[in-house]
Amino acid sequence: MSDGLTVPFALAAGLSGAVSNTTIIVTAGLAEIAAGSVAMGLGGYLAAKGDAEHYESERRREVLEVKEKPEVEAKEVSEVLQSYGLTADESRPIVDALRNRPQAWIDFMMRFELCLEKPDPKRALTSALTIGGAYIAGGFIPLLPYILIATASTALTYSVIFTMIALAVFGYIKGHFTGTSQMRSGFQTVLIGGLAAAVAFAIARIIS
Numbered sequence: 000m001s002d003g004l005t006v007p008f009a010l011a012a013g014l015s016g017a018v019s020n021t022t023i024i025v026t027a028g029l030a031e032i033a034a035g036s037v038a039m040g041l042g043g044y045l046a047a048k049g050d051a052e053h054y055e056s057e058r059r060r061e062v063l064e065v066k067e068k069p070e071v072e073a074k075e076v077s078e079v080l081q082s083y084g085l086t087a088d089e090s091r092p093i094v095d096a097l098r099n100r101p102q103a104w105i106d107f108m109m110r111f112e113l114c115l116e117k118p119d120p121k122r123a124l125t126s127a128l129t130i131g132g133a134y135i136a137g138g139f140i141p142l143l144p145y146i147l148i149a150t151a152s153t154a155l156t157y158s159v160i161f162t163m164i165a166l167a168v169f170g171y172i173k174g175h176f177t178g179t180s181q182m183r184s185g186f187q188t189v190l191i192g193g194l195a196a197a198v199a200f201a202i203a204r205i206i207s
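Mind the numbering: the sequence shown is residues 0 to 207 in numbering that gives the first Met the number 0, read in order.
See the structure below:
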């Protein structure tokens with residue numbers, strides 16, 4: 000959503016510095032939102048699929064190693080446990096117990112040696128829809144004034160106001176969920192969006 004707010008806003012602001020016809024700005028903005036949402040949604044889908052494929056590949060390798068090199072794998076379990084402060088003697092009963100439970104042994108190695116969690120099989124599609132949908136939702140906020148107002152300069156003023164408010168709210172909420180300062184997060188988000196739009200506007204004005 001942050002990208003959806005920032006990129007179409009910068010594009011619309013930049014075009015406002017070059018043209019006065021809001022039809023051109025709206026057309027370009029809608030095309031950017033469509034392309035951006037597809038690109039980012041597809042990127043999220045491929046990233047999630049890549050995580051799932053990587054997990055399955057590593058799990059197959061661990062299954063093979065547990066069968067073919069059990070002593071080596073047992074030593075690795077002991078080393079992992081000792082990294083948490085257990086002694087070799089304290090680790091031995093746990094290692095022996097895991098050797099009697101091959102699936103639990105593999106799960107242990109996946110989680111504590113490779114630091115990999117089994118991904119949700121539905122995550123790829125969910126990620127794509129969430130990212131793409133959020134981009135579209137964010138993109139329409141800066142573009143809405145251009146849809147409703149015929150004069151580009153007036154629409155730009157309202158677009159700036161709406162987008163800065165949306166960026167501030169988004170940044171504040173993001174700060175809440177990430178555990179950082181909410182005011183600082185809101186300020187940073189507004190600053191980044193404002194700078195992007197200002198640069199795009201200045202370049203378009205210079206070129207025109």
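For glycine and all other residues, C-beta sits at the position ideal for the given N, C-alpha and C. Quantities reported herein were computed from a predicted structural model and do not represent experimental measurements.
- Beta-carbon spacing of residue 19, residue 197 below 9 Å: The count along the sequence shown starts at 1 and reaches residue 19 at position 20. The count along the sequence shown starts at 1 and reaches residue 197 at position 198. No, the pair does not count as a contact, with Cβ atoms beyond the cut-off.
- Message: Contact between the segment 49-66 and the segment 106-119 is defined here as three or more beta-carbon pairs at a separation below 8 Å; is this criterion met?
- Response: yes
- Task: Assign residue 36 to one of two classes, buried (16 or more other C-beta atoms within 10 Å of its C-beta) or exposed (fewer than that).
- Result: Along the sequence shown, read from residue 1 onward, the residue named residue 36 stands at position 37. Classification for residue 36: buried.
- Message: Tell me the DSSP secondary structure of residue 150 in three-state form.
- Response: Translated into the one-based positions of the sequence shown, residue 150 becomes position 151. Note: residue 150 maps to strand in three-state DSSP.
- Task: Could you please give me the residues that DSSP links to residue 20 through a beta bridge?
- Result: Looking up residue 20 in the sequence shown gives position 21. DSSP output for residue 20 lists 150 as bridge partner(s).
- Task: Give me the Cβ distance between residue 144 and residue 136, rounded to the nearest whole Å; I'm assuming they're in contact under 8 Å.
- Result: Reading the sequence shown from its first residue, position 145 is the one you call residue 144. Reading the sequence shown from its first residue, position 137 is the one you call residue 136. At roughly 16 Å, the Cβ-Cβ gap does not stay under 8 Å, so residue 144 and residue 136 are not in contact.
- Could you pull the start and end residues of the alpha helix (DSSP H) that residue 111 belongs to? Counted from its first residue, the sequence shown places residue 111 at position 112. Segment: none, residue 111 is in no alpha helix (DSSP H) and carries neither H nor E.
- Message: Classify residue 84: buried if its beta carbon has 16 or more other beta carbons within 10 angstroms, exposed otherwise.
- Response: Residue mapping note: residue 84 aligns to position 85 of the sequence shown, counting from 1. By the neighbour-count rule (16 or more Cβ atoms within 10 Å), residue 84 is not buried but exposed.
- Task: Give me the Cα-Cα distance between residue 62 and residue 178, rounded to the nearest whole angstrom.
- Result: The sequence position of residue 62 within the sequence shown is 63, counting from 1. The sequence position of residue 178 within the sequence shown is 179, counting from 1. Rounded to the nearest angstrom, the two C-alpha atoms are 38 Å apart.
- Message: Count Cβ pairs between the segment 169-178 and the segment 64-77 that sit closer than 8 Å; are there 3 or more?
- Response: no
- Message: Three Cβ pairs or more, each shorter than 8 Å: is that satisfied between the segment 38-52 and the segment 122-131?
- Response: yes
- Query: Cα separation between residue 188 and residue 80?
  - Reply: In the sequence shown, counting from the first residue as 1, residue 188 sits at position 189. In the sequence shown, counting from the first residue as 1, residue 80 sits at position 81. The straight-line gap from Cα to Cα measures roughly 42 Å.
- Task: Consult DSSP for residue 83 and reduce its assignment to one of helix, strand or coil.
- Result: Mapped onto the sequence shown, residue 83 falls at position 84. Residue state, collapsed to three classes: coil.
- Let me know if residue 142 comes out buried or exposed under the rule of 16 or more other beta-carbons within 10 Å of its beta-carbon. In the sequence shown, residue 142 corresponds to position 143, counting from 1. Residue 142 comes out buried.
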